[in-house]
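Visitor: Chains as they are written, first to last, in the numbering used here: chain A, 17 to 455; chain B, 17 to 455.
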C-alpha cells in the first residue's frame, strides 16, 4: 500500500482516482453477444454458455430436483446463519415501506402517491469461486417486501453445469421459482429481451464483472431499468488514536480479497497508526488464502496521513466511498459530517463484513463515486410511485385560472383550452364558482 | 386518428408501439460535441451556441441585471399564477420527505438510513417557442425541499442571446443563482464535466429533445446520474359512457400540441364515444394554433374500442402511459387496478393540464414505457439515502458467528477474519459473550 503524507488539496483528485476498467474497448464484443440473444434467444444462450462457461447445457432452467438436492447439500449451521441474516435484513428493510397520506393541496384538489411494485424483476448473481448467496438475500428480501410478482434469477453454471447449492438453497428459501443457468452479458440480454425460456423483465439487479455491467448499461438505454452502475468494490477507513490497528488491517484485507480492482483506503491523523496497520496487514496476510489477488488489490490502495480528521472528512466526501468505516472516538459526530458514502460503519466493532452479511443493511451499494448521487438497494428500488390527482369541479375552479394563465404564457393553447372548456361548462350548468362568483 | 375496433391481444404490442426517434444515428454527432466541451470547455460552448442557436455570446452566465429586467417584464397575473403553482407543488412534495427511525435488528445491532441531499444538481430547460418555466418549478421545488446546496440551470438563448423572462423570473423566485445560456447536448456535457463557467454537477434533470436525451444517457454511463430517460410525451384516456367527449377531445389535443412525436390514445367501451370525440376534436382544432404540429401528432394516435373496461385496463398496464386520464363512472375503483402509469387523473374535472401546472404533482414523468419501472420526479430524486450500522461488542457477539459461517461458505476468508479477530479480542479482554457464555 502506498503511503501519502499530508497531500495538498489540489492533488486529492489524482490520489483518489479509482483503478477503473475501460468500458469502451469491450463495446463491440458485448453488442455481438446481445444482438445474438435478441435474435436467436435460447440457442444463443446455450452457445455462449458452451463458449464462456465451458459446459454444453440441454436446458437452461434449474429443475425442482436440483433445488431439492441443494437443500440437502447445505449444512444445518449454514442454514441457521442464513436465517439470522434474512431476519435482520427483513427487519431493516420492512420499515422502508411507507405509505404517504393523501393531501388536499387546494380546496377540491386531492393528490397522492402510491407504492406499486415493479411487476417483473431479474437478479444477476455472479459465478466464479465465491458463490454469492448473500447477494440473493440482499435482492430477494426487499423484492418480496415490495411485492414484485415475477422474480427471476440468472447465474452462470460451473463446468459440470451445476449451480452452487448455497445459491439454489437461498433462492428457493426466499421464494424464487425461476432460476436459469446463464451468466455474463448474455444473461443480461436474456432478462432484458426475453427468450423462449427466460422471461423478459422490467428491471435488472445485481453485481457482475465489467462485461455484465456494460451489458446492464446498454439495456438501460433500451428501456430496461437497472439497479445502478456497478463498479469494483471499495472501502475507506477513517481512524484516529482510538482505532484498533488489527481491526483496520482485517477490514482492509477483507475488502482487498474481492478482486484485483478493489480499492482500500485508510485515512488517519496518526503516523503511528499507519505503521501499526502496515505491520498488522503483513501479519494477517499469512493467515488467509488468495495472497496474489489481495496483493494486487493492495497495490491500488493507499494510506493517507492528514493533519486532522476534518481534512479527512473532506477527503471522504470528495471520494464518496461505497463502504466507510469510522474507527474514531466519536463516530456519531463524524458521521453527521459525511455527505457522500454508501454504507457507514460506526466504531471498532462494526466491520464491513457485518453489513455484507447480517447487520440488516443492504450490501448492494453504489461504487465508483456514484454514492454522490445514488443510494444503495432498498425496497424503494423494487417500487415505483404513481401519482394521482382527483379534482372536483370546485377544485378546478380554484386552480383553473392559474393553469390558464401559465399555459397561455408557455404558448400551449390546447393545454389552456382543456381547462377553459371545463370551466365554461361549469358556468353553463350553473355550478357556483370559486367564492360563489361565476367567472 | 386511427380507429381500432376490439383488437386481439396478440396485436396489442404492435398497436401500442410508440413513434420513437432512432437514437443510434446521432451517436457520433453527440460524441463530437461532448468531447469538444470536455476538452475545450467554455470555448466549445460559445462555438456550439453560435452554430446551433445562431447567436455569438460573450458570456454564458445570466447577469443580475437580466434577472431584474425579467422580473419587471412579467405580468402580475402570471406572477400570481406561478405562486398558486409553487404553493400546491410545495405542499404535495413536502410530505415526501420522511425520516425513518433507527432499528435494532439484533440486540446491540442498530441500523438506520438518513436522507442526504445530493450536493450539486443541474437542470436543463429546453428553449424553443414554449418557455417551459413550469418545469423550473417542478425541479426547483423538490430540490429545495431536499436541501441541495448547489443548483444550476442551463437553457438555450434565443437569436438575440436572451432567455425568456418567465424562465429567469421563476428560477430567481425559487432561489437558483447560477443560470447559463447554453442548450442541447453541449449543455449536458457542460453540467457533467464542468467548464470554466459552468460548474460540474452530480445529477442532471429535465426534459429535452432527442439530442439532449442521448447526451444524458451518455453521461449516465460516465458517472453522472440523470433523472430518467425521457422520451416524447404521451397521454392515454380511458372513457366509459360517463365521460364528456368535449373534455376528452381537449385533453387529447393538449397532449398532441407538445410535439410531432407525441402520442395520444383513447380507449373506450363505447363506439358512440369514439364518434363524439372525433367530432369534438375537429371542432376544437379550429380554435387553437399549431394545427400542423397537432395534425402530425394525431397521425400517431389511436382510438381503440374494447369490449369492456377490464380489457382496457389490461391494455393500459401493457402500454404504461406517462399520463392516464380516467373519465369513468368510478375512477377510484379503476385506478386501483392500474399498475403501470406515471401520473393518473381521476374523473371529468382532472385534466392533464392540471398536473402539468398546478395540482401539486410533478410533471416530469417517465415516458416510453418506462413507467413500468420508473417513478416521476419527486423529492426522492434529489436525495440519496445513506445506510448506517453501529454494532456494540455484544451485538457483534450476537451476529458474528452467522457472519463467520456465511463468509466461509462464500470462500471469503478475510471477511470472516474481520469478525473473528474482533470476537477473539473480546474473549481476551474478558467481555462476556452472547448469553454470558464465552465462545
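Note that beta-carbon positions come from the ideal geometry of N, C-alpha and C, so glycine has one too.
Apply the 10 Å Cβ neighbour rule to residue 303/A and answer buried if 16 or more other Cβ atoms are within range, or exposed otherwise.
Guide: Classification of residue 303/A: exposed, given that the 10 Å Cβ count is below 16.
Visitor: Can a CB atom of chain A be found closer than 8 Å to the CB of residue 334/B?
Guide: Taking Cβ atoms only, chain A never reaches closer than 8 Å to residue 334/B, which makes this a no.
Visitor: Quick test of the definition: if touching needs 3 or more C-beta pairs under 8 Å, does the segment 369 to 385 of chain B touch the segment 282 to 292 of chain B?
Guide: Verdict: no, contact absent.
Visitor: Go to residue 133/B, then tell me how far its beta strand (DSSP E) extends in each direction, as first and last residue.
Guide: It spans 125 to 133 - the beta strand (DSSP E) in which residue 133/B sits, taken as one unbroken run.
Visitor: Looking at the secondary structure, which residues open and close the beta strand (DSSP E) in which residue 140/B lies?
Guide: Start and end: 136 to 140.
Visitor: Within the same chain, show all residues whose beta-carbon is closer than 7 Å to that of residue 134/B, passing over the 5 residues directly before and after it, in chain order.
Guide: 164, 218, 219, 398, 399 and 400.
Visitor: How far does the alpha helix (DSSP H) with residue 252/B in it reach, from first residue to last?
Guide: Taken as a continuous stretch (DSSP letters only), residue 252/B belongs to no alpha helix (DSSP H), being part of the beta strand (DSSP E) at 250 to 255.
Visitor: For residue 282/B, does the three-state DSSP call read helix, strand or coil?
Guide: Note: residue 282/B maps to strand in three-state DSSP.
Visitor: Taking only three categories from DSSP, how would you classify residue 76/B?
Guide: Three-state DSSP puts residue 76/B in coil, outside helix and strand.
Visitor: State whether the segment 181 to 189 of chain B contacts the segment 49 to 63 of chain B, with contact taken as three or more CB pairs (one from each stretch) at a distance under 8 Å.
Guide: Touching, no, given that fewer than three Cβ pairs across the two stretches are closer than 8 Å.
Visitor: Does any CB atom of chain A fall closer than 8 Å to the CB of residue 455/B?
Guide: Because residue 455/B carries a pLDDT of 44, less than 50, the predicted location of this residue cannot be relied on, and no value is offered for it.
Visitor: On the CB-based measure, 16 or more other CB atoms within 10 Å of its CB, does residue 413/A come out buried or exposed?
Guide: Buried.
Visitor: Give the DSSP bridge partners of residue 402/A, in chain order.
Guide: Partner(s): 130/A.
Visitor: Run the CB neighbour count on residue 30/B, radius 10 Å, all protein chains shown included, and call it buried at 16 or more, exposed below.
Guide: By the 10 Å Cβ count, residue 30/B comes out exposed.
Visitor: Within its chain, find whatever has a CB closer than 6 Å to the CB of residue 24/B; leave out the 5 residues flanking it on each side and keep chain order.
Guide: Answer for residue 24/B: no residue qualifies.
Visitor: Are the C-beta of residue 24/B and some C-beta of chain A separated by less than 8 Å?
Guide: For residue 24/B, the answer is no, since every Cβ of chain A falls outside 8 Å of its Cβ.
Visitor: Using CA atoms only, rank isn't needed, just tell me which of 313/B, 319/B and 47/B is closest to residue 264/B.
Guide: The shortest Cα separation from residue 264/B among 313/B, 319/B and 47/B belongs to 319/B.
Visitor: When the distance is taken between beta carbons, is residue 170/B closer than 8 Å to residue 146/B?
Guide: No. Outside cutoff.
Visitor: Leaving out five residues before and five after residue 405/A in sequence, what residues of the same chain have Cβ atoms less than 6 Å from its Cβ?
Guide: Within the same chain, residue 405/A has close Cβ partners 127.
Visitor: Residues of the segment 360 to 385 of chain A with a CB closer than 9 Å to any CB of chain B: list them in chain order, please.
Guide: Cβ contacts with chain B: 360, 361, 362, 363, 364, 365, 366, 367, 368, 369, 370, 371, 372, 373, 374, 375, 376, 377, 378, 381, 382, 384 and 385.
Visitor: Given this structure, state the Cα-to-Cα distance separating residue 454/A from residue 233/A, to the nearest angstrom.
Guide: In this prediction, residue 454/A has a pLDDT of 44, which is less than 50 and means its spatial position is unreliable; what the coordinates show is noted afterwards. Going by the C-alpha atoms only, they are around 55 Å apart.
Visitor: Grouping DSSP H, G and I as helix and E and B as strand, with all else coil, what is residue 366/B?
Guide: Of the three classes helix, strand and coil, the one that applies to residue 366/B here is coil, per DSSP.
Visitor: Can you confirm whether the segment 191 to 206 of chain A touches the segment 74 to 81 of chain A when touching is taken to mean that 3 or more C-beta pairs between the two stretches lie within less than 8 Å?
Guide: Result yes; three or more Cβ-Cβ pairs closer than 8 Å.
Visitor: Enumerate in chain order the residues of its own chain whose CB-to-CB distance from residue 343/A is below 8 Å, with the five nearest sequence positions on each side excluded.
Guide: So the list reads 253, 254, 255, 256, 258, 259, 260, 263, 264, 363 and 364, once near-sequence residues are dropped.
Visitor: Is residue 375/A helix, strand or coil by DSSP?
Guide: Residue 375/A: coil per DSSP, three-state reduction.
Visitor: What in chain A is Cβ-close to residue 409/B, meaning under 7 Å?
Guide: By Cβ distance, chain A contributes 365.
Visitor: Since residue 433/B and residue 270/A should fall inside the 8 Å C-beta cutoff, what is the C-beta to C-beta distance between them, to a whole number of angstroms?
Guide: Indeed they touch by this definition, with Cβ atoms about 7 Å apart.
Visitor: On a CA-only basis, which of 55/A, 188/A and 250/A is nearest residue 337/A? Give me that one, please.
Guide: Among 55/A, 188/A and 250/A, the Cα nearest to that of residue 337/A is on 250/A.
Visitor: Along the segment 202 to 223 of chain A, what residues have a CB closer than 7 Å to any CB found in chain B?
Guide: Within the segment 202 to 223 of chain A, the qualifying residues are 218 and 219.
Visitor: Go ahead and label residue 136/A buried or exposed: buried means 16 or more other beta carbons lie within 10 angstroms of its beta carbon, across all protein chains shown.
Guide: Buried, since its Cβ has 16 or more Cβ neighbours within 10 Å.
Visitor: Relative to the ligand ZN, is the shortest distance from any of its heavy atoms to the C-beta of residue 406/A smaller than 7 Å?
Guide: Summarising the ligand content, the structure contains no ligands, and the ligand ZN is consequently not present.
Visitor: Does the CB of residue 267/B have a neighbour CB from chain A at under 8 Å?
Guide: Interface residue, yes.
Visitor: So, for residue 70/A: in the same chain, excluding its five sequence neighbours on each side, which residues have a beta-carbon less than 8 Å away from its beta-carbon?
Guide: Only 175 meet the Cβ criterion.
Visitor: With a cut-off of 8 Å, does the C-beta of residue 169/A fall near any C-beta of chain B?
Guide: No, its Cβ sits nowhere closer than 8 Å to a Cβ of chain B.
Visitor: To the nearest angstrom, report how far apart residue 359/A and residue 295/A are at their CA atoms.
Guide: For residue 359/A and residue 295/A, the distance between alpha carbons rounds to 27 Å.
Visitor: Using a C-beta cutoff of 8 Å, does residue 147/B count as contacting chain A?
Guide: Closer than 8 Å to some Cβ of chain A, the Cβ of residue 147/B qualifies, so yes.
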